[in-house]
Amino acid sequence: MMKRKFSTIIVIAISGLMLFGCAQSKGDIAAQPDQNGNPAGIVLAGADQQKNITIEDVKAIELYDLDGKLVKDDFKKDEIVKAFNDSMIDDTSFIEMIAGYRMVITLKDDGKITITSYGDETRVVAMVRDTTYHLISPELAKILLGK
């Protein structure tokens, strides 16, 4: 019985040391909230600039409902491009569902940027070429939620 207790104590001690060695000891454990108090993830360095577009790149901007019917196509290009370019990439997880409208930005090279809402009032999901971005953009989020 004594050998079993001694073995259990050793296993627990080794497990504790391993967990202690893996624990983060410096810096914040989680990202600090943004100015609105929302939790924010790590902004991916350089990726914000890679996703940017110019007004000259844009051929059309269209808003569709959940049934795929065109809702609006008379957006001011400069406002949408500014909101898109000013958005920050967020690496926090998001729900994979569509709630609200879907915006399609058609580019002059016939590429498309599809921006969808999942119900959040400050974040949207954008598919740019082969990359999906979780963006912090209250302006685009409000448009997609119909507010």
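If you use mature numbering (1 follows the signal peptide of the UniProt record, and there is no 0), the sequence shown corresponds to residues -23 to -1, 1 to 124, in order.
Just so you know, even glycine gets a beta-carbon here, dropped at the ideal spot from N, CA and C.
- Here Ile75 is near Thr93, since their CB atoms are less than 8 Å apart.
- Here the alpha carbon of Ala37 sits roughly 28 Å from the alpha carbon of Asp68.
- Contact annotation: Tyr78 and Tyr110 have beta-carbon atoms that are not nearer than 8 Å.
- A distance below 8 Å between beta-carbons, with the five flanking residues on each side excluded, links Thr31 to the following residues of its chain, in chain order: Val58.
- Distances from the alpha-carbon of Lys49 to those of Glu39, Pro115, Ile(-14) put Glu39 closest.
- Residue environment: Arg106 is assigned as exposed (fewer than 16 neighbouring CB atoms within 10 Å of its CB, all protein chains considered).
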